[in-house]
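J.: Residue numbers (mature numbering (1 follows the signal peptide of the UniProt record, and there is no 0)): -18 to -1, 1 to 460.
1. Apart from the five residues on each side of it in sequence, which residues of its chain come closer than 7 Å, Cβ to Cβ, to residue 342?
2. Considering only the beta carbon of each residue, do residue 182 and residue 284 sit closer than 7 Å?
3. For a test of the three-state rule: what should DSSP assign to residue 3, helix, strand or coil?
4. Which same chain residues end up closer than 8 Å to residue 320 when comparing Cβ atoms and leaving out the 5 residues on each side of it in sequence?
5. For residue 272, I'd like the list of residues in its chain whose CB is within less than 7 Å of its CB, leaving aside the five on either flank, ordered along the chain.
6. Whole angstroms are fine: how far does the CA of residue 214 sit from the CA of residue 174?
7. How would you call residue 263, buried or exposed, if buried means at least 16 neighbouring beta carbons within 10 angstroms?
8. Once you ignore the five residues that flank residue 46 on each side, which residues in its own chain have a CB closer than 7 Å to its CB?
9. Look at the alpha carbon of residue 383 and the alpha carbon of residue 101, and state the distance between them as a whole number of angstroms.
10. Taking residue 250 as the reference, which of 51, 448, 48, 39 has the closest Cα?
11. Would you report the Cα separation of residue 133 and residue 209, rounded to the nearest angstrom?
12. State the beta-bridge partners of residue 36 as determined by DSSP.
13. Of the choices 105, 39, 62, whose alpha-carbon is the least far from that of residue 378?
14. Helix, strand or coil: which one does DSSP assign to residue 59?
15. What number of angstroms, rounded off, separates the C-alpha of residue 120 from the C-alpha of residue 347?
16. By alpha-carbon positions, which one of 444, 375, 364 ends up nearest to residue 433?
17. Select from 211, 444, 113, 286 the residue whose C-alpha is nearest the C-alpha of residue 170.
18. Would residue 356 and residue 254 be called neighbours here (beta carbons separated by less than 7 Å)?
19. Measure the C-alpha to C-alpha separation of residue 338 and residue 269 and round it to an integer number of angstroms.
20. Let me check understanding here. Comparing Cα to Cα, which of 58, 60, 108 lies closest to residue 331?
21. Can you tell me the Cα-Cα spacing of residue 446 and residue 381, whole angstroms?
22. Let me confirm a value: residue 395 is counted as buried when at least 16 other C-beta atoms fall within 10 Å, else exposed. Which label applies?
23. Quick check: the Cα distance between residue 99 and residue 217, rounded to an integer number of angstroms?
24. Between the C-alpha atoms of residue 94 and residue 55, what's the straight-line distance to the nearest angstrom?
25. Grab the span of the alpha helix (DSSP H) containing residue 369 for me, first residue to last.
26. Between the Cα of residue 48 and those of 131, 114, 233, spot the shortest distance and give me the residue it belongs to.
27. Please report how far the alpha carbon of residue 97 lies from the alpha carbon of residue 136, in whole angstroms.
28. CA-CA distance, residue 280 and residue 235?
29. Taking a contact to mean a Cβ-Cβ separation below 7 Å, would you say residue 242 touches residue 451 in this structure?
30. Please state whether DSSP places residue 263 in a helix, a strand or coil.
31. Give the secondary structure of residue 339 by DSSP, where H, G and I count as helix, E and B as strand, and everything else as coil.
32. Does the beta-carbon distance from residue 202 to residue 128 come in below 7 Å?
33. Could you tell me how far apart the beta carbons of residue 286 and residue 187 are, in whole angstroms, since I believe they sit closer than 8 Å?
34. Looking only at its own chain, which residues have a Cβ that is under 7 Å from the Cβ of residue 229, when we skip the five neighbours before and after it?
35. Have a look at residue 430 and residue 206 and give me their C-alpha separation to the nearest angstrom.
36. Comparing C-alpha positions only, which one of 351, 375, 237 sits nearest to residue 340?
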């Protein structure tokens, strides 16, 4: 919903800013004169002879912003917002009210959080997506094994109680039939189910009030006791709001943008720095979407589970109650707890994958190395920042390798106390961490400079930057 509204808003913005072709038939010379003033070089063949063969500056900006928004809003899969209890803050209760206004506001809040975080630190969101995928795959295997063992144990008890004279062959046949029925009915635990659990899909309720989201350990205990069975994949897909219309618009918009950038390069038409930055976002968001492929999208309400007492009270202390989800909320609520589910090698792998794709993201900015900049200073700043966002992930990779080599063992969550290393181990422990913080401190300004230069360089573009590739206009896009 917010994605469609955003696309309509950008389209209206483009329509308001861009002059209508029918009304500016006599205004072409001033437009061409303005574009000629942007550069002192260029042949007459580079000049736009008619408006149908040119694109405007606002058209470039809107197409880039639309592509970035389409990529982020479709690729980012936020967690489930925890239901608000009765009597909580009126503003947040209004956001989660069962009215179209409340649902619309809640959708916009989640969309703004997703776009803002992914726009500023897309590499961090990608690393988070990879870690969530590894966690989900690990949890799915454990849950399915527990389900099968519980089913075998229950079937064995039933056979023993009902007919003690059955042969071993009959028992095995009965178990095979039971397992076949479960899988045929799509009731086995999959990666999608594990994603659903880790994103807060099961929530404990008491007397109609939400208590706390079930942790992975709670779900595992219920699976072993056969008190919780997996919902079907059809039920999860029904809860997911990844509608085909939004995805189709995003796919066509991204496809058009990538194709027209490639075509402009082949035909020696200038590509703006903003388009280069947008192209980098498309690459990294495609990687996010691949990691979150099996994660339900925009699930608004969790599945209710009645509180039975006992273990749930312990979980309520372990899992902060009513923590808001989304991208940032995931880290505050689940990330530190779920990190213990993975081995050191798996966490190392997720970090390496994220850093490798971060280097690819930075390398794409280097494609503008020889572009025409309005000033020499801006060109040098762009080059330095482009090198920085490639070199910093590389330095972080080296620091991560050093940290893992000299500090083996399972990771400890940040919310648990741990003794600080002493002696020689202190150097191998603190130095990589200091390097990581320094790299992050340098990385953020570099990203901000690149974002600023992407827009500031639009004030002085070569003439060929305004020429369109005619055949790419036949691809549906905004």
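Backbone N, C-alpha and C define an ideal beta-carbon position, used for all residues, glycine too.
T.: On the basis of the coordinates in this document:
1. Counting from one through the chain shown, the residue named residue 342 turns up at place 360. Cβ neighbours of residue 342 within its own chain (closer than 7 Å, five residues either side excluded): 265.
2. For the purposes of this step, residue 182 is taken as residue 200 along the chain shown, with counting starting at 1. For the purposes of this step, residue 284 is taken as residue 302 along the chain shown, with counting starting at 1. In this structure, residue 284 lies closer than 7 Å to residue 182 by Cβ.
3. Within the chain shown, the letter at position 21 stands for residue 3. Model confidence at residue 3 stands at a pLDDT of 34, short of 50, so the residue's coordinates are unreliable and nothing is read from them.
4. Residue mapping note: residue 320 aligns to position 338 of the chain shown, counting from 1. Residue confidence for residue 320 is low, a pLDDT of 42 falling below 50, so the modelled location carries little weight and cannot support an answer.
5. Indexing the chain shown from 1 puts residue 272 at position 290. So no residue of the chain qualifies.
6. Taking the first residue of the chain shown as position 1, residue 174 is located at position 192. Taking the first residue of the chain shown as position 1, residue 214 is located at position 232. Those two C-alpha atoms are separated by around 10 Å.
7. Counted from its first residue, the chain shown places residue 263 at position 281. Residue 263 comes out buried.
8. Mapped onto the chain shown, residue 46 falls at position 64. Result list for residue 46: 256, 257, 260, in chain order.
9. Taking the chain shown and counting its residues from 1, the one referred to as residue 383 is at position 401. Taking the chain shown and counting its residues from 1, the one referred to as residue 101 is at position 119. Rounded to whole angstroms, residue 383 to residue 101 spans 27 Å at the Cα level.
10. Position 268 of the chain shown, counted from the first residue, corresponds to residue 250. Ranked by how close their Cα comes to the Cα of residue 250, the residues 51, 448, 48, 39 have 448 in first place.
11. Within the chain shown, numbered from 1, the residue matching residue 133 stands at position 151. Within the chain shown, numbered from 1, the residue matching residue 209 stands at position 227. Each residue's alpha carbon lies about 12 Å from the other.
12. The residue labelled residue 36 in the question sits at position 54 within the chain shown. Per DSSP, 449.
13. Locating residue 378 in the chain shown gives position 396, counting from the first residue. Minimum Cα distance to residue 378 is reached at 105.
14. Here residue 59 is taken as the residue at index 77 of the chain shown, counted from 1. Correct three-state label for residue 59: coil.
15. The residue given as residue 120 occupies position 138 in the chain shown. The residue given as residue 347 occupies position 365 in the chain shown. One C-alpha to the other measures close to 35 Å.
16. As a working note, residue 433 is residue 451 in the chain shown. When only C-alpha atoms are compared, the closest one is 364.
17. Here the question's residue 170 lines up with position 188 in the chain shown. It is 211.
18. For the purposes of this step, residue 356 is identified with residue 374 of the chain shown, where counting begins at 1. For the purposes of this step, residue 254 is identified with residue 272 of the chain shown, where counting begins at 1. No, the pair does not count as a contact, with Cβ atoms beyond the cut-off.
19. Counted from its first residue, the chain shown places residue 338 at position 356. Counted from its first residue, the chain shown places residue 269 at position 287. The alpha-carbon atoms of residue 338 and residue 269 are separated by roughly 11 Å.
20. Taking the chain shown and counting its residues from 1, one reaches residue 331 at position 349. Of the candidates 58, 60, 108, the one whose C-alpha sits nearest the C-alpha of residue 331 is 108.
21. The residue labelled residue 446 in the question sits at position 464 within the chain shown. The residue labelled residue 381 in the question sits at position 399 within the chain shown. Roughly 44 Å between the two C-alpha positions.
22. In the chain shown, the residue the question calls residue 395 occupies position 413. Since pLDDT at residue 395 reaches only 44, below the 50 mark, its modelled position is unreliable, and the value read off the structure follows with that caveat. By the neighbour-count definition (other C-beta atoms within 10 Å, threshold 16), residue 395 is an exposed residue.
23. The residue you call residue 99 lines up with position 117 of the chain shown. The residue you call residue 217 lines up with position 235 of the chain shown. Spanning the two alpha carbons is a distance of roughly 30 Å.
24. For the purposes of this step, residue 94 is taken as residue 112 along the chain shown, with counting starting at 1. For the purposes of this step, residue 55 is taken as residue 73 along the chain shown, with counting starting at 1. Between residue 94 and residue 55, the C-alpha separation is close to 9 Å.
25. The sequence position of residue 369 within the chain shown is 387, counting from 1. From DSSP, the alpha helix (DSSP H) with residue 369 extends over 358 to 388.
26. Mapped onto the chain shown, residue 48 falls at position 66. The residue with the shortest Cα to Cα distance from residue 48 is 233.
27. Taking the chain shown and counting its residues from 1, one reaches residue 97 at position 115. Taking the chain shown and counting its residues from 1, one reaches residue 136 at position 154. Spanning the two alpha carbons is a distance of roughly 48 Å.
28. If you number the chain shown from 1, residue 280 lands on position 298. If you number the chain shown from 1, residue 235 lands on position 253. The alpha-carbon of residue 280 is positioned some 21 Å away from that of residue 235.
29. Working through the chain shown from its first residue, we reach residue 242 at position 260. Working through the chain shown from its first residue, we reach residue 451 at position 469. Yes; because the gap between Cβ atoms is below 7 Å, this pair is in contact.
30. Stepping through the chain shown from its first residue, residue 263 is reached at position 281. Helix, per DSSP.
31. Numbered from its first residue, the chain shown carries residue 339 at position 357. Residue 339 carries a helical assignment under DSSP once its states are collapsed to helix, strand and coil.
32. Reading the chain shown from its first residue, position 220 is the one you call residue 202. Reading the chain shown from its first residue, position 146 is the one you call residue 128. Yes, these two residues count as a Cβ contact at 7 Å.
33. In the chain shown, the residue the question calls residue 286 occupies position 304. In the chain shown, the residue the question calls residue 187 occupies position 205. For residue 286 against residue 187, the beta-carbon gap comes to about 5 Å, under 8 Å, which counts as contact.
34. Against the chain shown, residue 229 aligns to sequence position 247. If we look at residue 229 and ignore the five residues flanking it on each side, its Cβ neighbours are 56.
35. Working through the chain shown from its first residue, we reach residue 430 at position 448. Working through the chain shown from its first residue, we reach residue 206 at position 224. It is roughly 50 Å from the alpha-carbon of residue 430 to the alpha-carbon of residue 206.
36. Residue mapping note: residue 340 aligns to position 358 of the chain shown, counting from 1. Closest by C-alpha distance to residue 340, out of 351, 375, 237, is 375.
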